[in-house]
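Heads up: the structure comes next, in structure tokens.
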Amino acid sequence: MSAFGLRCFVWYIIEWKLNRKFNMTTESIKKKIAPILKRQGVLKAAIFGSFARGEEKKSSDVDLLLKISKNKTFFDLLNLKFELEQKLNRKVDIVEYETLHPLIKEGVLKEQKKIL
1368 MSAFGLRCFV WYIIEWKLNR KFNMTTESIK KKIAPILKRQ GVLKAAIFGS
1418 FARGEEKKSS DVDLLLKISK NKTFFDLLNL KFELEQKLNR KVDIVEYETL
1468 HPLIKEGVLK EQKKIL
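Under the numbering used here, think of the first position of the sequence shown as 1368, with each following residue one higher.
Here is the structure:
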């Protein structure tokens, strides 16, 4: 490996370690949001995406896969999203199990980390 290649590799490792240091783990996310999800009537929940794969960065959002009771309205879902973003201090994307697109469904279900 050239000196330049070695410097790039070392820089990559340092950047990766710094990003990991400042980010939450799936377990810490679970502890923070499980009570909110239960209180809001969420029936099933999981994390997917970069956090589930361990590839998150400081700027990563939290991708949640949810099964929500049928009596919840769109405004209830918006309120839940807002509350979760406030608790985690980062953007949250919500996808419902029932609306997963067939092209991504298999991959999402494989990488999901259960919350509820």
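For glycine and all other residues, C-beta sits at the position ideal for the given N, C-alpha and C. Just so it is clear, the structure is predicted and the values come from calculations on it, not from any experiment.
F1442 to Y1464 span [Cα, whole Å]: The residue given as residue 1442 occupies position 75 in the sequence shown. The residue given as residue 1464 occupies position 97 in the sequence shown. Between the alpha carbons of F1442 and Y1464 lies a distance of about 18 angstroms.
Strand pairing of F1309, partner residues [DSSP]: Beyond the ends of the chain as shown, which are 1368 and 1483, falls residue 1309; an answer cannot be given.
First through last residue of the alpha helix (DSSP H) which encompasses I1461: Counting from 1 along the sequence shown, the entry for residue 1461 is found at position 94. DSSP places I1461 outside any alpha helix (DSSP H); the residue lies instead in the beta strand (DSSP E), whose first and last residues are V1459 to E1463.
Meets three-Cβ-pair contact criterion under 8 angstroms: the region 1395-1413 and the region 1436-1453: Between the region 1395-1413 and the region 1436-1453 there are three or more C-beta pairs closer than 8 angstroms, enough to call the two in contact.
Per-residue DSSP class, three states only, for K1424: As a first step, residue 1424 must be located in the sequence shown, where it is residue number 57. In the three-state scheme derived from DSSP, where H, G and I count as helix and E and B as strand, K1424 is classed as coil.
Cβ pair S1436, L1410 closer than 8 angstroms: The residue you call residue 1436 lines up with position 69 of the sequence shown. The residue you call residue 1410 lines up with position 43 of the sequence shown. Contact annotation: S1436 and L1410 have beta-carbon atoms nearer than 8 angstroms.
Limits of the alpha helix (DSSP H) - the one that S1395 falls within: For the purposes of this step, residue 1395 is taken as residue 28 along the sequence shown, with counting starting at 1. That run of the alpha helix (DSSP H) goes T1393 to R1406.
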